[in-house]
Structures are given as structure tokens and as C-alpha cells.
Amino acid sequence: MNSTYSTMEAPALKAAAAKKAPQVLQLTLAEQEQLQYVATVLAARYIHAEVPAFVHRARILAGELPPRLLSYLHNFKYDEDNYGVCLIKGYPIDDVAIGPTPAQLNNQIYSLNAVREEMLLVLFNSVLGDLMSWSTQREGRLINDILPIKGHEQEQLSTASNSTLEWHIEEAFHPCRADNLSLLCLRNHDLIATTFSSMATIELPDNVKRELFLPKYIFEADKNFNSPAFRLQDPAPVLFGDYAAPYLRIDPAFMHPIAGDQPAAEALALLIDLLNSQLEEVVLEAGDYCFIDNYRVVHGRKPFTARYDGQDRWLKRVLVTRDLRKSRTIRKNAASRVLLTN
Ligand SMILES: O=C(O)CCC(=O)C(=O)O
Ligand SMILES: [Fe+2]
Numbered sequence: 050m051n052s053t054y055s056t057m058e059a060p061a062l063k064a065a066a067a068k069k070a071p072q073v074l075q076l077t078l079a080e081q082e083q084l085q086y087v088a089t090v091l092a093a094r095y096i097h098a099e100v101p102a103f104v105h106r107a108r109i110l111a112g113e114l115p116p117r118l119l120s121y122l123h124n125f126k127y128d129e130d131n132y133g134v135c136l137i138k139g140y141p142i143d144d145v146a147i148g149p150t151p152a153q154l155n156n157q158i159y160s161l162n163a164v165r166e167e168m169l170l171v172l173f174n175s176v177l178g179d180l181m182s183w184s185t186q187r188e189g190r191l192i193n194d195i196l197p198i199k200g201h202e203q204e205q206l207s208t209a210s211n212s213t214l215e216w217h218i219e220e221a222f223h224p225c226r227a228d229n230l231s232l233l234c235l236r237n238h239d240l241i242a243t244t245f246s247s248m249a250t251i252e253l254p255d256n257v258k259r260e261l262f263l264p265k266y267i268f269e270a271d272k273n274f275n276s277p278a279f280r281l282q283d284p285a286p287v288l289f290g291d292y293a294a295p296y297l298r299i300d301p302a303f304m305h306p307i308a309g310d311q312p313a314a315e316a317l318a319l320l321i322d323l324l325n326s327q328l329e330e331v332v333l334e335a336g337d338y339c340f341i342d343n344y345r346v347v348h349g350r351k352p353f354t355a356r357y358d359g360q361d362r363w364l365k366r367v368l369v370t371r372d373l374r375k376s377r378t379i380r381k382n383a384a385s386r387v388l389l390t391n
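Numbering follows the working numbering, in which position 224 of the sequence shown is assigned residue number 273; successive positions increment by one, without gaps.
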């Protein structure tokens with residue numbers, strides 16, 4: 050009896066002791082080919098990856114994806130005993146065919162250079178939830194280019210370069226923020242790292258944890274959300290959900306504890322230190338699809354010198370919500386995915 054128990058327990062103990070890190074699924078050649086086929090068929094049917102009929106049907110169309118990928122994403126969504134970041138690696142990107150990295154954000158124009166890669170991004174994310182966007186960010190576009198823009202070098206924006214993009218929960222200030230954000234890497238010749246830190250890797254002292262569960266923190270909106278509606282928010286907690294495995298709401302550059310509350314300030318400082326101490330650097334490569342749990346993992350980016358020669362780092366980003374209904378009062382109609390923030 051004893052020996053049966055020990056052999057059964059051994060793998061479980063080993064798994065628990067293993068350092069939690071982003072998960073990686075490497076595409077097989079057959080999977081790459083299947084994805085290319087699916088994307089090519091869809092690109093012939095829909096003009097671009099934000100066509101509403103395509104986005105609306107994405108979860109149904111995702112049935113054509115390789116089953117191993119569907120299970121992987123499905124498990125990532127529901128199994129929260131993971132790091133909170135996963136990657137699908139190995140989709141072949143034709144560096145010439147995608148064209149140069151744009152110098153500007155062309156929010157009005159749908160670029161078709163990476164339409165197949167974008168369609169796969171939409172299909173993959175349909176397994177996690179519904180795409181969403183903000184009316185005051187990139188004019189409500191669902192798929193956002195992440196690339197360095199001249200003049201933004203020092204900003205706390207995804208289009209900056211020379212400054213470290215400090216780690217954050219995406220749109221931490223907003224109650225309808227995304228459950229997930231996902232990045233597709235089209236180009237990263239200079240090996241610029243994205244940074245992550247996960248709640249799965251830190252252990253908080255009980256008194257600190259209790260403090261962070263209290264509504265003692267003011268969250269501020271960034272430049273894209275300068276409507277007066279976001280200036281007068283009630284204090285909110287940093288941790289919420291299950292006490293044993295809390296969700297996280299934090300953006301140190303755009304938040305502060307309520308004035309004069311020393312315990313709240315100290316608890317926040319300690320959490321920031323712990324998250325800093327566990328910061329992981331991940332260099333996304335062309336063809337990587339990266340999925341980030343925006344309730345459990347913060348992300349940022351290392352500083353770099355932009356080239357502005359058409360070969361700069363170029364990512365595509367989408368936001369995903371599990372529940373569009375919670376933002377119904379700020380969307381034009383039930384089917385719209387644009388959250389009105391002006
Ligand atoms: O550039 C990156 O790797 C991350 C940028 C970012 O924070 C974002 O797109 O939300
Ligand atoms: Fe971000």
C-alpha cells in the first residue's frame with residue numbers, strides 16, 4: 050500500500066516544487082501547415098482580421114484549429130494553478146512578406162501584410178473569451194500594433210522605447226479591464242525582452258495580504274483615458290477574489306495609497322518589491338503568440354534604442370474579456386466590442 054502511495058505522490062510533489070514559469074507549446078510541422086491552411090482559407094473569405102462577421106464567428110471558426118492547441122488554450126484559461134503566461138511558438142513568419150515595421154500607427158487603415166497571422170491571433174483568443182477595445186485607445190481598433198514611434202521614446206506607452214515600460218496590469222484603473230491580453234510577435238531582431246511577474250511565484254505575509262485586500266488604493270487613468278469620469282474613482286483593493294490565490298490589480302506608475310495610510314503604503318511597497326524580485330524576461334521571437342492572464346500577471350518591457358528603419362520590433366496586441374455583459378452600459382449595442390471611454 051505504502052509503495053503505491055509514494056509512487057502516486059511523487060510526480061505531484063515534484064510538480065508543486067517546480068518553479069512556475071511561462072508554459073510553451075512548440076508547433077509541430079503538421080500544426081504549422083494546418084494553421085497556414087486555415088488562415089489562407091479565412092483570408093480569402095474575409096478582407097481583414099477585424100471584419101465584424103469574422104470576429105463574431107471566431108469561436109466557431111476556431112474549431113478548425115489543431116485540437117492540441119485548442120486544449121492547451123482551454124486549459125490555460127481554466128487552470129489557474131499555472132504561471133499565467135503561455136506561448137505558442139513556431140508559426141512561420143515571412144519577414145519580407147510582412148513588409149517594414151510601420152513608422153506610425155495607422156488606425157484608419159487595415160494593413161493586410163500580416164492578415165493571416167492576425168486571423169490566427171483572433172481565433173486563438175476566441176478560446177479565452179471575447180475581443181474588446183477602448184474607444185479612446187487606437188480609435189477602438191481590436192488589433193493594436195506595438196511598435197516604437199518617434200517622439201514617444203520616453204513615455205509610459207507601448208509605443209515608447211528608451212524608457213523601461215514599467216510593469217503593470219493592463220488598464221488597472223478600469224473595472225471592465227481585460228481578463229487577458231495577448232501579443233503576437235512579428236519581428237524582434239534586437240531581442241528586446243518583455244517582462245513578467247506572476248502572483249503564482251510570490252508568497253505574501255498574512256498581515257500584508259490582509260491590507261492589500263482592503264479598498265485603500267486610488268488608481269489613475271493613463272493618457273488615453275483623460276475623461277473626467279476616471280478622475281474621481283473610489284479607493285479599491287489591490288488584491289481581490291480568493292484569499293488563498295488572489296487576483297491582482299496594480300500599476301505602480303498610475304496609483305497611490307490613500308493619503309496618510311502608512312500600513313497601506315507599506316503593504317503596497319512590499320508587494321512591488323516581491324514582484325520585482327521575481328521579474329522574468331521573455332524575448333518574444335517572430336511567430337510567437339503570447340497569452341497573458343491580466344488578473345494574475347503584470348507585464349512590461351525593457352528599454353531599447355529604436356532604429357526607425359523599418360526593422361524595429363513589431364508586435365500585435367489584443368485584449369480579451371470573459372464577460373462582455375459587464376461593460377454593457379458603456380457599449381453602443383450588445384454586439385459591439387468597443388468600450389466607450391469618452
Ligand atoms: O512591448 C511589450 O512587450 C509590452 C507592451 C505592453 O505593455 C502592452 O502592449 O500592453
Ligand atoms: Fe501593457
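For glycine and all other residues, C-beta sits at the position ideal for the given N, C-alpha and C.
In this text, all values refer to a predicted model and were calculated from it rather than measured experimentally.
Worksheet item: Closest to Pro-71 by CA distance: which of Arg-386, Thr-354, Asn-382, Val-332 is it?
Response: Val-332
Worksheet item: Looking only at its own chain, which residues have a Cβ that is under 7 Å from the Cβ of His-123, when we skip the five neighbours before and after it?
Response: Val-176
Worksheet item: Who are the near neighbours of His-217 in its chain, counting only those whose CB is closer than 8 Å to its CB and skipping five residues on each side?
Response: Ile-299, Asp-300, Pro-301, Ala-302, Phe-303, Val-347, His-348, Gly-349
Discussion item. Do Arg-165 and Gln-85 have their beta-carbon atoms positioned less than 9 Å apart in this structure?
Written reply: yes
Discussion item. I'd like to confirm something about Ser-207: is its beta-carbon nearer than 8 Å to some heavy atom of ligand 1, or not?
Written reply: yes
Item to complete: Would you tell me roughly how many angstroms separate the C-alpha atoms of Ser-376 and Leu-368, rounded to the nearest one?
Response: 14 Å
Worksheet item: Cα separation between Leu-320 and Leu-191?
Response: 32 Å
Worksheet item: How long is the line joining the alpha carbons of Phe-125 and Gly-189, rounded to whole angstroms?
Response: 27 Å
Worksheet item: Does the Cβ of Gly-112 lie closer than 8 Å to at least one heavy atom of ligand 1?
Response: no
Discussion item. I need the straight-line Cα distance from Gln-81 to His-97, nearest angstrom please.
Written reply: 21 Å
Worksheet item: Where does Glu-99 fall in DSSP's three states?
Response: coil
Worksheet item: Shortest alpha-carbon distance to Leu-114 belongs to which of Ala-79, Leu-230, Ala-294, Phe-268?
Response: Ala-79
Item to complete: Spatial neighbours of Leu-172 within its chain, please: CB distance less than 7 Å, with the 5 preceding and 5 following residues excluded, ordered by chain position.
Response: Ala-107, Leu-110, Ala-111, Leu-114
Worksheet item: Under the three-state reduction of DSSP, which class applies to Ser-231: helix, strand or coil?
Response: strand
Practice prompt. Would you mind sorting Pro-116 into buried or exposed? The rule is 16 or more other CB atoms within 10 Å of its CB.
Written response: exposed
Worksheet item: What beta strand (DSSP E) runs, 3 residues minimum, are completely inside the stretch 294-375?
Response: 304-306, 329-332, 338-342, 346-350, 363-370
Discussion item. Quick check on this structure: which residue in Lys-199, Tyr-132, Ala-355 has the alpha carbon closest to the alpha carbon of Ala-294?
Written reply: Tyr-132
Worksheet item: Taking Cβ to Cβ, would you say Ile-39 is nearer than 9 Å to Leu-364?
Response: As displayed, the chain neither begins before 50 nor continues past 391, which places residue 39 out of reach and without an answer.
Practice prompt. Specify the secondary structure class of Gln-85 as computed by DSSP and reduced to three states.
Written response: helix
Worksheet item: Less than 8 Å between the CB of Thr-243 and some heavy atom of ligand 1, yes or no?
Response: yes
Practice prompt. Could you check which residue in Leu-118, Pro-312, Cys-234, Phe-245 has the C-alpha nearest to that of Asp-255?
Written response: Pro-312
Item to complete: Using DSSP bridges, identify the partner residues of Thr-185.
Response: Partner(s): none; Thr-185 has no beta bridge.
Item to complete: Count the CB pairs spanning the stretch 227-241 and the stretch 135-152 that are closer than 8 Å, and state whether there are at least three.
Response: yes
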